[in-house]
Amino acid sequence: MSLIRYEGNGRMSKAVIHNGTVYLCGQVSAGESVKDQTLKTLEKVQDLLEKYGSDKRHILSALIHIKDMSFFSDMNEVWDAWIEDEFEPVRTCVEAKMAREDLLVEVTIIAAVKDPGK
C-alpha cells in the first residue's frame, strides 16, 4: 500500500497520494467576484494536479463549497468552461460558511494519478 503526504504543515497536507489516487486539500483564491475566485482556484487546482502526476481529465470527484447559493450560476459558468466534455467528474456543491469573510468558493478534488507505476 502506497501512501505519501505532501507539504504538511502540522495541521494538514496540501496533497496525499494513496494507491494511484491524489487527494487535494480545499483550494481557495482571492478575487473580487465568485467568477474571479473560481477561475483562479481552478487554475491552482490544475497546477497542483500536474505537480502530483494528474490533470483535470483525471478528476474523479469535486466538492465545491460556495458562500451563498446565489453564486451557483456564476460559479457553474466558470466550471463548465474549464472542465472538458466527456471528462466530467462526479460533483457536489453545497452552501457553506467560509473560513474567511472574503472567500466565496472552495474546491476540493480527488483525481487519479495518470501513471501510478512511475
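Numbering (the working numbering), first residue to last: 337 to 454. Where a beta carbon is used, it is the ideal one built from N, C-alpha and C, also for glycine. Because the structure is a prediction, the values reported are computed rather than measured.
Counted within 10 angstroms of its Cβ, other Cβ atoms place residue i as buried (16 or more) or exposed
i, result
"LEU375", "buried"
"ILE400", "buried"
"SER365", "buried"
"MET411", "buried"
"ILE402", "buried"
"LEU439", "buried"
"ILE340", "exposed"
"GLU442", "buried"
Option in the options with minimal Cα separation from residue i
i, options, result
"ILE395", "ARG347, LEU339, ALA366, ILE419", "ILE419"
"GLN382", "ARG393, GLN373, SER406", "ARG393"
"GLU437", "VAL352, SER369, ILE353, SER338", "SER369"
Spatial neighbours of residue i in its chain, beta-carbon cut-off 6 Å, leaving aside the 5 residues before and after
i, result
"LEU384", "LEU360"
"ASP391", "LEU385"
"SER397", "PRO425, VAL426, ILE446"
"LYS350", "TYR342, GLU343, CYS361"
Expected contact under 8 Å - CB spacing of residue i and residue j to nearest Å
i, j, result
"GLN363", "LYS380", "5 Å"
"VAL430", "LEU378", "So it is not a contact: roughly 18 Å between Cβ atoms."
Cut-off 8 Å between Cβ atoms - residues of its own chain near residue i, not counting five sequence neighbours on either side
i, result
"GLU408", "A quick correction: the sequence has Phe, not Glu, at residue 408. So the qualifying residues of the chain are ILE402, CYS429."
Runs of 4 residues minimum, wholly inside the segment 373-428: which ones carry the alpha helix (DSSP H) assignment?
Listed in chain order, the complete alpha helix (DSSP H) runs (minimum 4 residues) inside the segment 373-428 are 408-418.
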